[in-house]
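First up is the structure itself, then whatever we jot down about it.
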Amino acid sequence: MEALTEKNTNQTPSKPPKNMSPWAIARRKFVRNKLAMTSSVFLLIVMIASFLAPYITTVDISRVNLGQMSLPPSSEHWLGTDKSGRDVFVRLLYGGRVSLLVGLACTFLIVVFGTIVGSIAGYFGGVVDSVLMRFTDFILNFPFLVFVIVLNAILFGHLSGVWVLIVVISVLGWGGVARLVRSKILSEKENEYILAAISIGCRPSKVIIKHLLPNVLSTIIVQATILFATMIVAESGLSYLGFGVPTEVPSWGNMLSTSRDPDVMQNMPWTWIPPAIVLTLTILSINFIGEGIKDALNPKSYR
Amino acid sequence: MEHYLHSKVPLLEIKNLETAFKIDGNYYNAVDQVSFTVERGKILGVVGESGCGKSVMSLSIMKLLPKGAGRIRGGEVKFEGKNIEHYSEKEMNKIRGKDISMIFQEPMTSLNPVFTIGYQIEEVLHNHFKITKEDARKQSIKLLRSVGISRAEQIVNEYPHQLSGGMRQRVMIAMAIACQPKLLIADEPTTALDVTVQAQILELLKDVQSVNDMAIILITHDLGVVAEICDEVMVMYAGEIVERSDVRSLFKAPKHPYTRLLMDSIPKMDVEEEKLGSIKGIVPSLKDMPRTGCKFANRCPKAMPECTELKPVLAEAEKGHEVSCLLYESSKTGEGTNVT
Numbered sequence: 001m002e003a004l005t006e007k008n009t010n011q012t013p014s015k016p017p018k019n020m021s022p023w024a025i026a027r028r029k030f031v032r033n034k035l036a037m038t039s040s041v042f043l044l045i046v047m048i049a050s051f052l053a054p055y056i057t058t059v060d061i062s063r064v065n066l067g068q069m070s071l072p073p074s075s076e077h078w079l080g081t082d083k084s085g086r087d088v089f090v091r092l093l094y095g096g097r098v099s100l101l102v103g104l105a106c107t108f109l110i111v112v113f114g115t116i117v118g119s120i121a122g123y124f125g126g127v128v129d130s131v132l133m134r135f136t137d138f139i140l141n142f143p144f145l146v147f148v149i150v151l152n153a154i155l156f157g158h159l160s161g162v163w164v165l166i167v168v169i170s171v172l173g174w175g176g177v178a179r180l181v182r183s184k185i186l187s188e189k190e191n192e193y194i195l196a197a198i199s200i201g202c203r204p205s206k207v208i209i210k211h212l213l214p215n216v217l218s219t220i221i222v223q224a225t226i227l228f229a230t231m232i233v234a235e236s237g238l239s240y241l242g243f244g245v246p247t248e249v250p251s252w253g254n255m256l257s258t259s260r261d262p263d264v265m266q267n268m269p270w271t272w273i274p275p276a277i278v279l280t281l282t283i284l285s286i287n288f289i290g291e292g293i294k295d296a297l298n299p300k301s302y303r
Numbered sequence: 001m002e003h004y005l006h007s008k009v010p011l012l013e014i015k016n017l018e019t020a021f022k023i024d025g026n027y028y029n030a031v032d033q034v035s036f037t038v039e040r041g042k043i044l045g046v047v048g049e050s051g052c053g054k055s056v057m058s059l060s061i062m063k064l065l066p067k068g069a070g071r072i073r074g075g076e077v078k079f080e081g082k083n084i085e086h087y088s089e090k091e092m093n094k095i096r097g098k099d100i101s102m103i104f105q106e107p108m109t110s111l112n113p114v115f116t117i118g119y120q121i122e123e124v125l126h127n128h129f130k131i132t133k134e135d136a137r138k139q140s141i142k143l144l145r146s147v148g149i150s151r152a153e154q155i156v157n158e159y160p161h162q163l164s165g166g167m168r169q170r171v172m173i174a175m176a177i178a179c180q181p182k183l184l185i186a187d188e189p190t191t192a193l194d195v196t197v198q199a200q201i202l203e204l205l206k207d208v209q210s211v212n213d214m215a216i217i218l219i220t221h222d223l224g225v226v227a228e229i230c231d232e233v234m235v236m237y238a239g240e241i242v243e244r245s246d247v248r249s250l251f252k253a254p255k256h257p258y259t260r261l262l263m264d265s266i267p268k269m270d271v272e273e274e275k276l277g278s279i280k281g282i283v284p285s286l287k288d289m290p291r292t293g294c295k296f297a298n299r300c301p302k303a304m305p306e307c308t309e310l311k312p313v314l315a316e317a318e319k320g321h322e323v324s325c326l327l328y329e330s331s332k333t334g335e336g337t338n339v340t
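Laid out in structure tokens, this is it:
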């Protein structure tokens with residue numbers, strides 16, 4: 001009984017102070033979420049290490065070193081070397097750079113484009129809505145994998161390796177966000193404050209940007225974190241199959257794809273286990289962060 | 001010149017306004033041939049049951065009808081002599097909030113939950129005037145004080161969820177009068193509030209009206225509210241005006257059977273009644289509206305055979321008291337319709 005009451009008092013939500021903005025309340029809730037905070041710290045470390053890779057190591061990643069092929073981990077090569085004699089740890093750092101860049105850039109492009117299309121369709125409705133949504137359906141109906149492979153082949157040579165993939169994934173990926181934003185805008189614009197905003201002389205652009213989007217933003221942010229994780233997985237998957245970033249560019253997916261060789265798979269686990277672990281942990285932590293944000297932005301949950 | 005205009009042209013003049021909604025591909029009139037004028041500095045009450053077209057009429061004036069579903073089919077809306085019916089969205093945006101502003105029924109949802117009170121009031125000012133942030137802030141505090149909010153300095157930094165319904169409605173009024181509009185449309189401003197707060201808000205509306213010398217169109221289904229603050233009343237039924245007069249003569253001698261029934265359904269303190277009077281049936285939906293005769297005929301206790309065939313005309317049955325009912329000779333002939 002005593003234990004129960006104690007537990008209860010511990011769980012009693014400490015109500016946030018009265019004069020806080022919705023965002024401040026959300027931030028407070030997020031900071032108190034241990035899992036989400038740990039994940040954030042982990043993700044931050046991975047990001048910093050990856051993007052600062054050129055400053056951390058001075059090794060040339062593309063140089064093949066025949067004298068140091070297939071070495072197991074040692075003090076010189078922390079995670080050993082691969083079949084071409086390239087340092088796995090260094091490639092892991094550089095690979096993170098590519099994987100995270102693809103994830104971030106795709107997420108950004110998809111969210112921006114999807115939000116623009118979705119909010120315009122949702123706000124104006126009627127013909128505008130029909131046209132934009134049929135176009136969205138059209139995009140959504142593309143078989144993703146096939147078109148990524150085809151578009152990749154067409155665009156190859158016009159853009160530098162990684163950006164081809166980013167553009168291709170983004171062009172095919174914004175449909176879901178557009179639909180989500182549209183549906184949110186549709187329900188949000190029924191609120192009287194939107195009518196009130198128009199009645200005080202706000203232009204449509206202002207109504208959308210200043211009044212509707214801030215109210216839909218929480219959904220978009222949560223969707224963006226999920227997308228971020230999905231896009232990293234997509235990049236890795238495509239690279240593993242050989243249709244992602246060019247093979248000479250290190251990415252986590254490309255590193256994993258070396259394990260297609262049975263010899264590497266059996267005898268050189270140090271080349272593919274580290275990228276697999278980092279990839280898994282990164283995606284897990286992004287998902288935890290997404291959950292944390294969702295909780296933080298949900299006014300009904302107190303943590 | 002300005003003075004000349006003031007004396008001659010009514011502030012708002014509506015002629016044969018028709019607003020229709022699209023149901024299953026056909027348009028049905030929710031507001032049917034409504035004509036009236038609003039003079040400067042006067043309060044006009046619009047009364048009627050739910051679904052009789054009061055709100056649609058006010059949204060038509062502001063051109064805020066839901067896109068796609070409703071549209072103005074005909075008639076004129078003249079504001080200070082200019083027909084704003086044909087104004088583009090851009091031109092309307094210059095008027096909205098500045099010359100005509102609106103207060104809505106639901107104070108709980110008519111403020112944006114993610115912005116502070118101050119921000120939302122300042123937005124109106126920024127929309128229509130070139131004004132610095134500091135001045136706008138000062139002005140919004142002043143406005144909040146003028147609508148009777150005492151902790152104005154703190155309230156500007158607070159969010160809508162921290163305020164009560166009555167407070168929010170005060171904030172809405174502050175927003176609506178921020179640019180000192182000439183016409184304020186209040187769409188059931190007190191319906192969602194409890195009775196004591198209702199009285200305060202009405203008092204406040206009357207105060208701001210006299211201070212700013214603006215006209216108010218007060219839409220309500222509460223005859224008590226009308227009696228309290230209006231100068232003129234218009235009773236609407238099924239998108240039409242059935243009776244119009246000044247408040248005194250309407251309450252003294254209601255003419256239309258519908259108005260009488262509305263009055264009978266107000267609880268009275270001095271009369272002991274078994275059961276409160278009510279009007280049987282509901283306003284028919286737009287699709288089921290009678291096409292010929294009087295639209296109220298099927299619910300009217302005094303209906304005569306010709307009521308379902310002959311359409312009554314809104315005409316003066318008495319000086320300054322217009323009614324649209326075949327019980328009155330004037331409505332049969334339409335004589336006096338041009339005496340407005």
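Top to bottom, those sequences are chains A and B.
For the first sequence, full-length UniProt numbering assigns the number 1 to the initial residue and increments by one for each residue that follows.
For the second sequence, full-length UniProt numbering assigns the number 1 to the initial residue and increments by one for each residue that follows.
For every residue, glycine included, the Cβ atom is placed at its ideal position computed from N, Cα and C.
Distance between residue j and residue i (C-alpha atoms, nearest Å)
| i | j | result |
| --- | --- | --- |
| residue 328 of chain B | residue 286 of chain B | 27 Å |
| residue 155 of chain B | residue 103 of chain B | 20 Å |
| residue 276 of chain B | residue 266 of chain B | 8 Å |
| residue 36 of chain B | residue 199 of chain A | 22 Å |
| residue 223 of chain B | residue 261 of chain B | 12 Å |
| residue 138 of chain A | residue 102 of chain A | 24 Å |
| residue 111 of chain A | residue 98 of chain A | 20 Å |
| residue 45 of chain A | residue 35 of chain A | 15 Å |
| residue 337 of chain B | residue 109 of chain B | In this prediction, residue 337 of chain B has a pLDDT of 45, which is less than 50 and means its spatial position is unreliable; what the coordinates show is noted afterwards. Taking the straight line joining both Cα atoms gives about 41 Å. |
| residue 180 of chain A | residue 119 of chain A | 10 Å |
| residue 53 of chain A | residue 94 of chain A | 6 Å |
| residue 217 of chain B | residue 230 of chain B | 9 Å |
| residue 301 of chain B | residue 236 of chain B | 18 Å |
| residue 12 of chain B | residue 297 of chain A | 46 Å |
| residue 55 of chain B | residue 122 of chain B | 27 Å |
| residue 9 of chain B | residue 320 of chain B | 19 Å |
| residue 21 of chain A | residue 117 of chain B | 11 Å |
| residue 181 of chain B | residue 97 of chain B | 7 Å |
| residue 269 of chain B | residue 176 of chain B | 36 Å |
| residue 305 of chain A | residue 106 of chain B | The shown model of chain A, from 1 to 303, leaves out residue 305 of chain A, and the question about it has no answer. |
| residue 209 of chain A | residue 333 of chain B | 55 Å |
| residue 263 of chain A | residue 30 of chain A | 45 Å |
| residue 116 of chain A | residue 123 of chain A | 11 Å |
| residue 297 of chain B | residue 64 of chain B | 32 Å |
| residue 33 of chain A | residue 221 of chain B | 50 Å |
One or two residues paired with residue i in a DSSP bridge
| i | result |
| --- | --- |
| residue 71 of chain B | B:20 |
| residue 27 of chain B | B:22 |
| residue 102 of chain B | B:185 |
| residue 15 of chain B | B:76 |
| residue 323 of chain B | B:243 and B:315 |
| residue 96 of chain B | B:100 |
| residue 83 of chain B | B:78 |
| residue 247 of chain A | Residue 247 of chain A is not bridged to any residue. |
| residue 87 of chain A | A:81 |
Whole-angstrom C-beta distance between residue j and residue i, which should lie under 8 Å
| i | j | result |
| --- | --- | --- |
| residue 111 of chain B | residue 160 of chain B | 4 Å |
| residue 247 of chain B | residue 233 of chain B | 6 Å |
| residue 211 of chain B | residue 173 of chain B | Rounded, the Cβ-Cβ distance is 12 Å, inconsistent with contact. |
| residue 72 of chain B | residue 91 of chain B | Residue 72 of chain B to residue 91 of chain B, Cβ: 15 Å. No contact. |
| residue 239 of chain B | residue 193 of chain B | No, residue 239 of chain B and residue 193 of chain B are not in contact; Cβ-Cβ is about 27 Å, not under 8 Å. |
| residue 148 of chain A | residue 132 of chain A | Between residue 132 of chain A and residue 148 of chain A the Cβ distance is about 23 Å, and since that is not below 8 Å, they are no contact. |
| residue 342 of chain B | residue 149 of chain B | Here chain B comprises residues numbered 1 to 340, so residue 342 of chain B is not present and cannot be evaluated. |
| residue 39 of chain A | residue 289 of chain A | 5 Å |
Pull out every residue of the stretch 109 to 131 of chain B whose Cβ sits closer than 9 Å to any Cβ of chain A, in chain order. Within the stretch 109 to 131 of chain B, the qualifying residues are 109, 110, 111, 112, 113, 114, 115, 116, 120, 123, 124, 127 and 128.
Using a Cβ-Cβ cut-off of less than 7 Å, give me the residues of the stretch 87 to 111 of chain B that come near chain A, in sequence order. Those would be 93, 94, 96, 97, 98, 101, 102, 104, 106, 109, 110 and 111, in chain order.
Jot down the residue ranges of each uninterrupted alpha helix (DSSP H) in the stretch 160 to 236 of chain B, minimum 4 residues, whole runs only, in chain order. Entirely contained in the stretch 160 to 236 of chain B, the alpha helix (DSSP H) runs reaching 4 residues are, in chain order, 165 to 177, 195 to 212 and 223 to 229.
Start-end ranges of the alpha helix (DSSP H) lying completely within the stretch 24 to 66 of chain B, minimum 4 residues: Within the stretch 24 to 66 of chain B, the complete alpha helix (DSSP H) runs of at least 4 residues are 54 to 62.
Beta carbons nearer than 8 Å to chain B: which residues of the stretch 236 to 251 of chain A have them? Taking 8 Å as the Cβ-Cβ cut-off against chain B, none of the residues of the stretch 236 to 251 of chain A qualify.
Which residues, in chain order, does the stretch 198 to 212 of chain A contribute to contact with chain B at a C-beta distance below 7 Å? Considering only beta carbons, the part of the stretch 198 to 212 of chain A lying closer than 7 Å to chain B consists of 198, 199, 200, 201, 202, 203 and 211, in chain order.
The stretch 56 to 68 of chain B: positions lying closer than 7 Å to chain A by Cβ: Cβ contacts with chain A: 62, 64, 67 and 68.
Which residues, in order along the stretch 107 to 136 of chain A, keep a beta-carbon less than 8 Å from a beta-carbon of chain B? Taking 8 Å as the Cβ-Cβ cut-off against chain B, the residues of the stretch 107 to 136 of chain A that qualify are 124, 125 and 126.
Complete alpha helix (DSSP H) runs within the stretch 177 to 231 of chain A (minimum length 4 residues, chain order): Correct list: 192 to 199.
Of the residues that make up the stretch 154 to 182 of chain B, which ones have a beta carbon closer than 9 Å to any beta carbon in chain A? Those would be 154, 157, 158, 159, 160, 161, 162, 172, 175, 176, 178 and 179, in chain order.
What ranges does the alpha helix (DSSP H) occupy inside the stretch 255 to 294 of chain A, keeping only unbroken runs of at least 4 residues that lie completely in it? The qualifying runs are 262 to 267.
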